[in-house]
Ligand SMILES: NC(=O)c1ccc[n+]([C@@H]2O[C@H](COP(=O)([O-])OP(=O)(O)OC[C@H]3O[C@@H](n4cnc5c(N)ncnc54)[C@H](OP(=O)(O)O)[C@@H]3O)[C@@H](O)[C@H]2O)c1
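Residue numbers (the numbering used here): 15 to 342.
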């Protein structure tokens, strides 16, 4: 049986878009038909660079096209919600960059709007074959009883002065940008949300520059996470259990100049080293176009938005907050 080609349109011409277009174009069953920008000249430039047949001025004009089945959105976070709702209205599938939106209500609204079409947040690490191995070790109980999770993600001042990460209006700040990964990591390994969180943030120019948090889950599992724009590059996690710890030093995206790897440190002192093949972005695109149900990824995204919501409340109130009090 020949599989149907999915015709993509791309919204925005920024840094991550230009990287992901190559992954879309090198995935079987995908064509990139059109790219839209706020400005025609940028759309034309991007289309010419990547051999995309149609350049369009204005995101809405792309969303209305008949020759587009799915869109990839890599705009500043504050624009995701409006564009996502319009994508659903125009009956197209949505692959949208993280953070999916700037708050929990917007995330839930998107989920509701996509009753006929599909949506997936572009959180690449969840699709890497290495992550399948994480799940399999977890399900087999290879680490014993899980007790504590920790993760850190940071980049030292990774932007130019007008970067959307520094703009309150555009959804900037490390809580959304990097918190998406570290809080998502805790939700992924616990399979559900925590019961309580205490988060603290250092702000600059109105947006969070560093966030540290402690989380409490069922079964006495705890987690500590840290993310920020004021520390050198870190992207590691540790999942500690009674029998062993799983350690990964590049979970959000493998270092480009070394094998994709992780380690299991056993209680005996033995260290198992594991390496993996595979491009997480192409795997993510394959999941998006081929997997029958995206529900487990959507659940992960909505729960991640819920943890960020709780962290935001905790930072505002300056105290530990329980998830039950947020639901009232
Ligand atoms: N998955 C990952 O590994 C990863 C990595 C980096 C970023 N991201 C996410 O991808 C999204 C975009 O990030 P990026 O680093 O690619 O950003 P970027 O380089 O600044 O590009 C954003 C694009 O959005 C469009 N845009 C529309 N309104 C804008 C405004 N008011 N200000 C600035 N740009 C505006 C622009 O395209 P036009 O002018 O052509 O319309 C711009 O090129 C964010 O949600 C970010 O968190 C994901």
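By construction, the Cβ of each residue, glycine as well, lies at the ideal position given by its N, Cα and C atoms.
Here the C-alpha atom of residue 260 lies approximately 42 Å from the C-alpha atom of residue 47. The secondary-structure analysis by DSSP pairs residue 236 across a beta bridge with 162, 230.
In this model, residue 286 and residue 126 are separated by some 44 Å (Cα to Cα). Contact between residue 294 and residue 139 holds: CB atoms are separated by about 6 Å, below the 8 Å threshold.
Here DSSP, grouped into helix, strand and coil, assigns residue 218 to strand.
Ranked by Cα distance from residue 296, the options 219, 17, 35 are led by 35.
Rounded to the nearest angstrom, the gap between the Cα atoms of residue 117 and residue 337 is 16 Å. In the same chain as residue 128, and ignoring 5 residues on each side of it, the C-beta atoms closer than 6 Å to its own belong to 102, in chain order. Excluding the 5 residues flanking it on each side, residue 184 has same chain C-beta neighbours closer than 8 Å at 90, 91, 92, 93, 178, in chain order. Within the same chain, Cβ atoms closer than 7 Å to the Cβ of residue 31 are found at 24, 88, the five residues on either side in sequence being excluded. As DSSP reads the structure, residue 252 sits in a beta bridge with 164, 261. Taking non-hydrogen atoms of ligand 1 into account, the C-beta of residue 51 is found less than 8 Å away from one of them. A distance criterion of 8 Å places the beta-carbon of residue 268 beyond contact range of ligand 1, judged by its closest non-hydrogen atom. Measuring C-alpha to C-alpha distances from residue 71 to each of 65, 60, 80 identifies 60 as the nearest. The beta carbons of residue 163 and residue 235 sit closer together than 9 Å.
With three or more CB-CB distances shorter than 8 Å, the region 154-168 counts as touching the region 243-251.
Bounds of the beta strand (DSSP E) holding residue 86 are 84-87.
Relative to residue 153, the option among 205, 107, 174, 182 whose CA is nearest is 205. Cβ neighbours of residue 151 within its own chain (closer than 8 Å, five residues either side excluded): 157, 260, 278.
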